[in-house]
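Number of protein chains: 2
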Amino acid sequence: MAEGLQINLDRRQGEPLYQQITRQVRAKIVAGDLSPGQRLPTERSLAQKLGVHRNTIVSAYAELEADGLITSHVGRGTFVAQRELPAERPVVWSELFAQRLRRLDEAYFRELARHSSRPGVISLAGATPAPELLPTKHFTQVLQEVLRRHGQAVLEPSTREGHGPLREWIAQDLQCRGAVVGAENVVILSGNQQGLSLLAQVLLDPGDPVLVEAPTYLGGLRVLGLAEAVLWGVPMDSGGLLVDVLQELLLRRRPKLIYTQPTFQNPTGATLGRERREHLLAAAGAAAVPVVEDDPYGALYYGAPPPPALKALDRSGRVVYLGTFSKVLAPGLRIGYLVGPEPLLHQLVLARGIQDLHSNTPAQWAAAEFCAQGYLDEHLEAVRPLYRRRRDALAEALHKYLPEGQFALPEGGFNLWLEMPEGWRALDLFRLAAERGMVFVVGESCYPSGGNERCLRLNFSAQPEEVLVEAVKRLAAAARELARHGRSKETQLNTATRPIV
Amino acid sequence: MAEGLQINLDRRQGEPLYQQITRQVRAKIVAGDLSPGQRLPTERSLAQKLGVHRNTIVSAYAELEADGLITSHVGRGTFVAQRELPAERPVVWSELFAQRLRRLDEAYFRELARHSSRPGVISLAGATPAPELLPTKHFTQVLQEVLRRHGQAVLEPSTREGHGPLREWIAQDLQCRGAVVGAENVVILSGNQQGLSLLAQVLLDPGDPVLVEAPTYLGGLRVLGLAEAVLWGVPMDSGGLLVDVLQELLLRRRPKLIYTQPTFQNPTGATLGRERREHLLAAAGAAAVPVVEDDPYGALYYGAPPPPALKALDRSGRVVYLGTFSKVLAPGLRIGYLVGPEPLLHQLVLARGIQDLHSNTPAQWAAAEFCAQGYLDEHLEAVRPLYRRRRDALAEALHKYLPEGQFALPEGGFNLWLEMPEGWRALDLFRLAAERGMVFVVGESCYPSGGNERCLRLNFSAQPEEVLVEAVKRLAAAARELARHGRSKETQLNTATRPIV
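The listed protein sequences derive, respectively, from chains A and B. Sequence positions in the first sequence follow this note's numbering and run 8 to 508. Sequence positions in the second sequence follow this note's numbering and run 8 to 508.
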């Protein structure tokens, strides 16, 4: 019996005594201090012990009984209730999902994935390096070397910030490009997209405004969408984003940050000129806003090198630079990096340690060794002319088979942005081309909300030249059919193109 | 001049005409359709063109001028304003950080990190495998084999779900342990902690209640804290969590999920018995709540194998199982996994693809090969007796040098939970022990809010036996000093122990 039941009454506070008793007995039952089946003191004895009227205990016990926590049996006493479990019910997962998931519309991406997995389909939809052009031999060699030389250290945890020598190499590479950074400004991540998702976690509350290019990298759109940011698109021309408009939006929308790919942008291939870069930084500086510079393609130029990175022009530490080895070394490694000022990095490293601790250690060691031995430069020199030839093959095939499409020749990166004439819809073309065994990214999916529905993103890095030509022939055949049958399918195409609202 | 200025007035809607004009001109300026310096139509000509009174245009232009968007020069006309940029201002990062970061109190962890990095300090604070016991030779061998045999495929992206053969092996391993799962239920992650952070992203809105053991895994606490969950601790005894209390909390708090480590729990080492497992599942079933079973240590038993995993007893698909290769193979690989029902996996894989795409491909291939060739079983058989000896060495040293500490011998895993007598504070002991060159995890940091301040988590896996003995000697010396000088330091110790409020 719970004769030792300890109840402390405080007569000075406003809470009625019976409620104080109810609350404390409930807490003991919930905490397991009183077990199911255990007998409680009689109303009379508890009233006596606490120095209260018996009715006070009657009220308290009545409330506990109404809650199902205790049961009274006349003549036997009052007991902590045995809880009978109701029948098992399945989890209804759809009722449990967080609100933020509602912002993701995956209809188009599901359609793309379905078509891409069909045998014989040529995909110009990925923005990855060509598998046959990966530096497999040299990477395998350095991986073996680091494992042979350093053994278990290569399998141990790295710090959350990442492997020291790799951070050093990245800092030096940026220093050579004119940036004022040290290894302490570098965090190794599992790809640059993780950098953006961590920045969102560290900087964005739901509803925070963010400026992005329109169009912009679709993975970036999805990261920011899942973070429940409110996205404002800055229009672009062939010279990159329109900085005058950016300047206005900075004043009107007071964004938390600007997200930009200024060099060989995905999807448009456009590069922001030196003057606009200075103007962008001045505008961001006037608004005290940070700039996230996402630069996966900067080293992949096919003519003159691009203008200096924003990070190299940044004198106030407002540029957060995202880089990656996914395009220049191998996408399967998942090694990217973020370079930024100390106060940001402190929080970012904390969030990173909570999200997934650190990046794969062997890949960090091997990437550092690959760079240190000069294999990265060697590899870049080897692949630039090859990617350039692929770009030219695609451009030539477009001129020949699909002359109605307009494009600016991208001077680097992996993508070509094709604009069809007024009245065309890229999604119509996508579905007809997919039937003919060729897929691409519908441009509209790269806009924060709506956008030019006549554009296609065509990747030229991942397929050999003859396959690119075949892909364009299939695309052109689809275009001819669409021209013949016109816009009959339009009514059913209105909903599925916007992955991020 | 902007003679072609297109303004569409709608006289049927309530908005005043001058406001319609203001709004549309502003939009054109912001969008860049009207450029700085461009001349606007005169008030008279625009009034005429739009068929409105001249005063309407005067009002519209006055508002635009007040906004700084246009300027009038008497006799010359009205122009889109040249925007002068204010002086550059630095980013004040501390003002930009998201609200969710305020929930993290890192004071104790910073103190731990500072002490741990000092030379000569013995750390019993990590819960990692011993570096010298990692299967470096066999892992290096299989990594070389997969790279030699499969070349570039090992450097390409994997699917977001992960490498097929590894998913197959994990499903078969769980099938052998009695679970009804297939490879399609498995997602490969970068560690099991990423699994919990993705579950939080997919299932938890800020403020959602979650039940956790008290104490529980401190990394899990931080993941759930950053997700802004409201955590309710379920008390434990030496047989694991008290399922009666869990059952009450399920009714009272209506949690979104239950997070538990039922086997060789971190930090307590406690294992939930078979009967309590059934009871837990029945209670969760009655409440239609999912159970997240985090099982990093299940294969690391030092006596009889533990009871079946919750996942093996789960007949309704409510258990989400988190596993990892970090404790049984190598922590540097960052390869873990989540096993769950299809509707959850669909959303989780989507979120994973947005967060960081997929896990390191070479590590996935090598882990699959390591398991397939039987090296994992071989390795486990080799290390179990070694970890057992380390556990016994720690226990013996504690009995000998620190007999006032109470503990239950953990039957598996990497940690021992030591409780000091009434009146002791583990944080006092931590600071004195750190001065003597020995650190551990203060137990209080493992509670969702407050908790037993007399407990220490001591790791026994990462140090050789003689080092464990030396560590206990230093701890015992600190305890003797604390006993001599009593509780004089108490006043300054109140703030720093709770990483998650």
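We treat Cβ as the ideally placed atom computed from N, Cα and C, and that holds for glycine.
Between the C-alpha atoms of Ile14 of chain B and Val65 of chain B there is a straight-line separation of about 15 Å.
Here Asn466 of chain A carries a strand assignment [DSSP, helix/strand/coil]. Our two residues, Ala319 of chain A and Thr270 of chain A, have alpha carbons roughly 13 Å apart in a direct line.
When the alpha-carbon of Gly420 of chain A is set against those of A:Leu340, A:Pro313, A:Ala490, A:Leu475, the nearest one is in A:Pro313. In the structure shown, Ile342 of chain B falls within a coil segment according to DSSP collapsed to helix, strand and coil.
Sorting A:Ser456, A:Arg487, A:Ala469 by C-alpha distance to the C-alpha of Arg443 of chain A places A:Arg487 at the top. Listed along chain B is no residue with a C-beta nearer than 7 Å to that of Pro392 of chain A; the closest approach is about 20 Å. In terms of beta-carbon proximity, His80 of chain A stays away from the interface with chain B, with every pair separated by 8 Å or more. Counting only runs of 3+ residues, the beta strand (DSSP E) found wholly inside the segment 308-362 of chain A occupies 326-331, 343-346, in chain order. Here Leu436 of chain B carries a helix assignment [DSSP, helix/strand/coil]. With contacts defined by Cβ atoms closer than 8 Å, Ala373 of chain B and Phe116 of chain B do not form a contacting pair. Ala132 of chain B: not part of any beta strand (DSSP E); DSSP gives it neither H nor E. According to the DSSP assignment, Asp40 of chain A belongs to no beta strand (DSSP E), since it is labelled neither H nor E. For Pro48 of chain B, not one C-beta of chain A is nearer than 8 Å to its own C-beta. When the beta-carbon positions are compared, Gln89 of chain A and Pro43 of chain A come within less than 8 Å of each other.
By a beta-carbon distance limit of 8 Å, Trp424 of chain A contacts Pro274 of chain A. Their separation comes to about 6 Å. When rounded, the separation of the alpha-carbon atoms in Glu139 of chain B and Gln182 of chain B is 32 Å. Within chain B, the residues placing a beta-carbon under 9 Å from that of Asp212 of chain A are Ala105, Gln106, Arg107, ordered along the chain. The beta-carbon distance between Leu475 of chain A and Arg391 of chain A, rounded to whole angstroms, is 17 Å. This is too long to meet the 8 Å contact definition. A distance below 6 Å between beta-carbons, with the five flanking residues on each side excluded, links Ala186 of chain A to the following residues of its chain, in chain order: Lys318, Ala319.
Note on Ser101 of chain B: under 16 other CB atoms within 10 angstroms of its CB, so exposed under the neighbour-count rule. Within its own chain, the residues whose Cβ lies closer than 8 Å to the Cβ of Gly458 of chain A, once the five positions on either side in sequence are excluded, are Ala221, Pro222, Gly240, Gly450, Glu451, listed in chain order. By alpha-carbon distance to Gln200 of chain A, the top candidate from A:Gly214, A:Ala277, A:Met243, A:Arg341 is A:Arg341. In the assembly as shown, Ser245 of chain A is an exposed residue. Its beta-carbon has fewer than 16 other beta-carbons within 10 Å.
DSSP, reduced to helix, strand and coil, places Thr223 of chain B outside both helices and strands of the structure shown, so it counts as coil.
Of all residues in the segment 249-264 of chain B, the ones placed with a Cβ closer than 9 Å to any Cβ belonging to chain A are Leu249, Asp251, Val252, Gln254, Glu255, Leu256, Leu258, Arg259, Lys263, Leu264, in chain order. Within chain A, the residues whose beta carbon sits less than 7 Å from that of Thr143 of chain B are Gly158, Gln159, Leu162, listed in sequence order. In summary, His170 of chain B is buried, with 16 or more beta-carbon neighbours lying within 10 Å of its beta-carbon over all protein chains present. Listed in chain order, the alpha helix (DSSP H) runs fully inside the segment 107-179 of chain A are 114-123, 143-157, counting runs of at least 4 residues. With respect to Glu72 of chain A, Thr63 of chain A sits apart: the two C-beta atoms are not nearer than 8 Å. Cβ contact annotation for Ile129 of chain A (same chain, cutoff 8 Å, sequence separation greater than five): Gly444, Met445, Val446, Gln470, Val474, Glu477, Ala478, Arg481, in chain order. DSSP lists B:Val219, B:Val299 as the bridge partner or partners of Tyr266 of chain B. Among the residues of the segment 72-100 of chain B, those with a Cβ less than 8 Å away from any Cβ of chain A are Arg90, Leu92, Pro93, Ala94, Glu95, Arg96, Pro97, Val98, Val99, Trp100, in the order of the chain.
Look at Pro242 of chain A here: in three-state DSSP terms it is strand. For the pair Pro142 of chain B and Gly276 of chain B, the CB atoms are not nearer than the 8 Å cut-off.
For the segment 115-148 of chain B, residues whose beta-carbon sits nearer than 8 Å to a beta-carbon of chain A comprise Thr135, Pro138, Glu139, Leu141, Thr143, Phe146, Thr147.
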